[in-house]
Amino acid sequence: MRIATWNVNSIKARFPTVQEVLQNIDCDVVCLQELKCETDAFPYMELEEAGWNCAVLGQKSYNGVAILSKYPLEDVTKGLSTMKDDQARFIQALVMADRPVRVGGLYLPNGNPAPGPKFDYKLEWMACLLDHARERLKAEEPYILCGDYNTIPTAVDCWDETKWADDALALPETREAFRRIKNLGMADAFEITDGRAHQYTFWDYQGGAFQKDHGIRIDHLLVSPQAADRLQSVEIYRKARSLDKPSDHVPVIGVFED
DNA sequence: ATGGTAGAAGATCTA
Numbered sequence: 010m011r012i013a014t015w016n017v018n019s020i021k022a023r024f025p026t027v028q029e030v031l032q033n034i035d036c037d038v039v040c041l042q043e044l045k046c047e048t049d050a051f052p053y054m055e056l057e058e059a060g061w062n063c064a065v066l067g068q069k070s071y072n073g074v075a076i077l078s079k080y081p082l083e084d085v086t087k088g089l090s091t092m093k094d095d096q097a098r099f100i101q102a103l104v105m106a107d108r109p110v111r112v113g114g115l116y117l118p119n120g121n122p123a124p125g126p127k128f129d130y131k132l133e134w135m136a137c138l139l140d141h142a143r144e145r146l147k148a149e150e151p152y153i154l155c156g157d158y159n160t161i162p163t164a165v166d167c168w169d170e171t172k173w174a175d176d177a178l179a180l181p182e183t184r185e186a187f188r189r190i191k192n193l194g195m196a197d198a199f200e201i202t203d204g205r206a207h208q209y210t211f212w213d214y215q216g217g218a219f220q221k222d223h224g225i226r227i228d229h230l231l232v233s234p235q236a237a238d239r240l241q242s243v244e245i246y247r248k249a250r251s252l253d254k255p256s257d258h259v260p261v262i263g264v265f266e267d
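Mapping the first sequence onto this note's numbering, position 159 (from 1) lands on 168, and the numbers just tick up by one.
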């Protein structure tokens, strides 16, 4: 089974590109972030015609997450139960493959500028995600928590650590909160397979960042032990960043034994 | 040199 996460930076502005990339990456499940549309405005019809089952949590202008699946989706939940806000940043579903897999799709707050209320919100959100993951792990089932974590885990996950020293994506508190989730037993799928330094999933639109490979690795798949046991490889689909009118993020794909 | 890019909304905000 191939499971992808991709921040599309507006599903409407990107829809032809999204359809093309979805065909090319040949996945069974795709978590999308930054839909930037309301739930009712999601292009259900076109995607269902292409064979996708869709679970969607949208909102006006900002955020928005979805899970697309070639298999039926059951037990869909929206939002983190302990996070009392109205931002569309979390969705989860049980993917009914022959061996079912539970998948959570998340869009973690950016948190800039830091310090400040936005950074406080980011850390609060990460604490709620930690609680959620701890509860989910009790089920001892294959569980994959994927999305745009807005977290650069270590110095080798960005092109120039000094440029990110004061950024909410790299501050020690952010990295510590991310490690806490891993320390529960949710492994970083990229780290335990490929693991190379300086492999990126996001390049800023400004200053020719992609051409210079000035990127950061902030899109991650965290996997429970039962999912890690079936993990074979991780692919970063860099080609998506060189298309016309690209998202600033590219898909990250986890390949699992069926 | 306090810029630069992109999207959605709408005469800014978020990233």
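Just so you know, even glycine gets a beta-carbon here, dropped at the ideal spot from N, CA and C.
| query | result |
| --- | --- |
| Beta strand (DSSP E) segment containing residue 116, residue limits | 110-116 |
| CB contact flag (residue 10, residue 199, <7 Å) | no |
| Proximity of residue 247 and residue 212 at Cβ, strictly below 7 Å | no |
| CA-to-CA distance, residue 228 to residue 46, given in whole angstroms | 21 Å |
| Beta-carbon separation (whole angstroms), residue 78 vs residue 27, contact threshold 8 Å | The pair is not a contact, with the Cβ atoms about 15 Å apart (cut-off 8 Å). |
| Enclosing beta strand (DSSP E) for residue 223 [first to last residue] | No beta strand (DSSP E) holds residue 223; DSSP gives it neither H nor E. |
| Beta-carbon proximity check, residue 32 vs residue 156, cutoff 7 Å | no |
| Proximity to residue 127 [Cα-Cα], best of 231, 170, 233, 159 | 159 |
| Rounded straight-line distance, which links the Cα of residue 133 to that of residue 118 | 10 Å |
| Helix, strand or coil at residue 61 according to DSSP, with G and I counted as helix | coil |
| Unbroken stretches of the alpha helix (DSSP H), 4 residues or longer, contained in the stretch 176-217 | 181-192 |
| Residues sharing a beta bridge with residue 32, DSSP | Per DSSP, none; premise fails for residue 32. |
| Whether residue 80 touches residue 104 by CB criterion (7 Å) | yes |
| Close-in-space but distant-in-sequence residues of the same chain around residue 241 (CB under 6 Å, 5 per side omitted) | 264 |
| Assigned secondary structure, residue 46 (DSSP; H/G/I helix, E/B strand, else coil) | coil |
| Terminal residues of the alpha helix (DSSP H) in which residue 152 lies | Premise fails: residue 152 lies in the beta strand (DSSP E), 152-157, not in any alpha helix (DSSP H). |
| Nonlocal neighbours in the same chain, by C-beta distance under 8 Å from residue 237, ignoring five residues either side | 196, 198, 201 |
| Reference residue 182, options 145, 162, 60, 76, closest by Cα | 162 |
| Inter-residue CB distance, residue 153 and residue 261 (contact presumed, cutoff 8 Å) | Incorrect: roughly 11 Å between the Cβ atoms, too far for contact. |
| Backbone secondary structure at residue 235 - three-state DSSP | helix |
| CA nearest to the CA of residue 94, picked from 130, 230, 144, 82 | 130 |
| Same chain, Cβ closer than 8 Å to residue 173, five either side skipped, listed in chain order | 161, 167, 179, 225 |
| Status (buried if at least 16 other CB within 10 Å, exposed otherwise) for residue 120 | buried |
| Per-residue burial, residue 151 [other beta carbons within 10 Å of its own, 16 or more giving buried] | buried |
| Residue 13 (DSSP reduced to helix, strand or coil) | strand |
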